[in-house]
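Written out below as C-alpha cells is the structure these notes cover.
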Amino acid sequence: MEDEYAKHELEFIKEYKEKGFTDNFRIVKGKLISSETSQEFEPTDLMIMGENRFEGMSNPSDLSILYAIKAPDGLKGTLLMAYGPNADISQHEFIEQIPEADQADRVDEPL
1 MEDEYAKHEL EFIKEYKEKG FTDNFRIVKG KLISSETSQE FEPTDLMIMG ENRFEGMSNP
61 SDLSILYAIK APDGLKGTLL MAYGPNADIS QHEFIEQIPE ADQADRVDEP L
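With the UniProt record's numbering applied, the sequence shown corresponds to residues 1 to 111, in that order.
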C-alpha cells in the first residue's frame with residue numbers, strides 16, 4: 001500500500017476528479033469562482049467534502065492544502081492553497097466560513 005503522506009497534490013487532485021470533483025476553484029474578492037463555468041459562490045453556499053495537507057518534498061516549509069468542495073447546484077471541484085507562513089489570510093478567512101460535511105459524507109478518508 002502506498003504511503004498516504006508521500007502522495008503529491010496532483011495525485012490527490014486526480015483521485016478527486018475520479019470521484020467527480022472535476023472543476024478547479026479559485027478565490028477572488030471574497031468569492032469562490034469556478035474555472036470552468038465562472039460561477040461565483042459565497043462561502044455559506046458551499047460544503048467542504050474533504051481536505052488534505054502537504055509539505056514540500058524538497059522544502060518542508062512549502063505547505064499547501066487541497067480542498068474538495070461541493071456547490072449547491074452539484075458542481076464539485078478542488079481548491080489548492082498555500083498555508084503556514086506563505087498563506088493568504090483572506091483566502092483562509094473565506095475557507096473558515098465554509099461548513100464541513102459530516103464524516104460519513106466526506107470523500108477524503110480513505111482516498
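All C-beta atoms in this analysis are idealised placements derived from N, C-alpha and C, irrespective of residue type, glycine included.
Because the structure is a prediction, the values reported are computed rather than measured.
Rounded Cβ spacing between Gly84 and Leu63 (contact assumed at less than 8 Å): As a working note, residue 84 is residue 84 in the sequence shown. As a working note, residue 63 is residue 63 in the sequence shown. Contact flag correct, Cβ pair sits at about 4 Å.
Boundaries of the alpha helix (DSSP H) in which Leu10 is found, first to last residue: The residue given as residue 10 occupies position 10 in the sequence shown. Counting along the chain, the alpha helix (DSSP H) containing Leu10 begins and ends at Glu9 to Glu18.
Reduced DSSP category for Asp88 - H, G, I as helix; E, B as strand; rest coil: Locating residue 88 in the sequence shown gives position 88, where the first residue counts as 1. If DSSP states are grouped into helix, strand and coil, Asp88 belongs with coil.
Cβ-Cβ separation, Met47 to Lys29 (assumed contact under 8 Å), whole Å: One-based indexing of the sequence shown puts residue 29 at position 29. One-based indexing of the sequence shown puts residue 47 at position 47. Rounded, the Cβ-Cβ distance is 21 Å, inconsistent with contact.
Proximity to Ile27 [Cα-Cα], best of Phe41, Glu51 and Arg106: The sequence position of residue 27 within the sequence shown is 27, counting from 1. Ranked by Cα distance from Ile27, the first of Phe41, Glu51 and Arg106 is Phe41.
Buried or exposed by the 16-neighbour rule on C-beta atoms within 10 Å, applied to Asp23: In the sequence shown, residue 23 corresponds to position 23, counting from 1. Buried.
6 Å Cβ shell around Asp45 - same chain, five flanking residues per side excluded: For this step, residue 45 is matched to residue 45 along the sequence shown. Only Pro72 meet the Cβ criterion.
Own chain partners of Phe34 with C-beta closer than 7 Å, once the 5 adjacent residues on each side are dropped: What you label residue 34 is simply residue 34 of the sequence shown in a count that begins at 1. According to the sequence as given, residue 34 is Ser; it is not Phe. Only Asp23, Phe25, Leu75 and Gly77 meet the Cβ criterion.
Limits of the beta strand (DSSP E) - the one that Ile69 falls within: For the purposes of this step, residue 69 is identified with residue 69 of the sequence shown, where counting begins at 1. In this chain, the beta strand (DSSP E) harbouring Ile69 covers Leu63 to Lys70.
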